[in-house]
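Presented below is the structure to which this report refers.
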């Protein structure tokens, strides 16, 4: 399975290697993961239940755990950057964002703006055992100037889809839609080669599917301390037995 996945990544990686920066254009990109179960019936993990119990304040999908730590417990959207700024205005000593239950985003542009705020604030990101970081939330996790990934956490990625129903494979190599992500990954500490390889990996499965990685496997792709090599031994786990998503 690993060889098959790497073979799937290789063509996109080669295509992106020829990409050049281009002027930005308006397009809506969707990176939304929603559980098949209804919100009311969705299983709440022990970590999420504990987080909600100890939280001292709530700002949209964010929970304040103490004076220095906040947690992400839901899907981000267009209002999330403002919620986060409100959180920081009231709790200015927050320096760590924990990813507890982070399914993705309804608004990719707002999500990347939120990531840049996290990076500009010099914040750390953390995925504890039981934490789940999926889809657009992975971009937010990358924003940490230092990152902590517990082996028992989980990560998942998939290809993006725009408002016209087109994915990464439908755009030419030099399209600004690719550059948006490559530039972001480089802002988050990757070099050009690492950014392209990571981006190709995220697009190795379509929007409707998922590539699941354990915390230990994600550490092979993402530097857990600023300045480390972000791309290491690439062990991929595509688990068909994981919960269905759409």
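Residue numbers (the numbering used here): 7 to 252. Cβ coordinates follow ideal geometry from the N, Cα and C atoms, glycine included. Just so it is clear, the structure is predicted and the values come from calculations on it, not from any experiment.
Collapsed DSSP secondary structure at residue i in the structure displayed
| i | result |
| --- | --- |
| residue 127 | coil |
| residue 210 | coil |
| residue 138 | strand |
| residue 84 | coil |
| residue 193 | helix |
| residue 174 | helix |
| residue 51 | coil |
| residue 117 | helix |
| residue 216 | coil |
| residue 201 | helix |
| residue 104 | strand |
Anticipated Cβ contact below 8 Å, residue i with residue j, distance rounded
| i | j | result |
| --- | --- | --- |
| residue 105 | residue 147 | 6 Å |
| residue 54 | residue 70 | Not quite, the Cβ-Cβ distance comes to about 15 Å (not below 8 Å), so this is no contact. |
| residue 131 | residue 149 | 7 Å |
| residue 174 | residue 209 | 4 Å |
| residue 93 | residue 76 | 6 Å |
Straight-line Cα distance separating residue j from residue i
| i | j | result |
| --- | --- | --- |
| residue 228 | residue 82 | 22 Å |
| residue 124 | residue 100 | 11 Å |
| residue 114 | residue 198 | 21 Å |
| residue 51 | residue 96 | 28 Å |
| residue 153 | residue 193 | 15 Å |
| residue 119 | residue 157 | 28 Å |
| residue 215 | residue 121 | 24 Å |
| residue 103 | residue 139 | 12 Å |
| residue 73 | residue 63 | 10 Å |
| residue 200 | residue 56 | 36 Å |
Proximity below 8 Å, CB of residue i to CB of residue j
| i | j | result |
| --- | --- | --- |
| residue 163 | residue 217 | yes |
| residue 109 | residue 159 | no |
| residue 204 | residue 165 | no |
| residue 133 | residue 66 | no |
| residue 177 | residue 184 | yes |
| residue 224 | residue 161 | yes |
| residue 151 | residue 128 | yes |
Assigned exposure category for residue i - 16 Cβ within 10 Å defines buried
| i | result |
| --- | --- |
| residue 195 | buried |
| residue 187 | buried |
| residue 155 | buried |
| residue 98 | exposed |
| residue 84 | exposed |
| residue 171 | exposed |
| residue 60 | exposed |
| residue 107 | buried |
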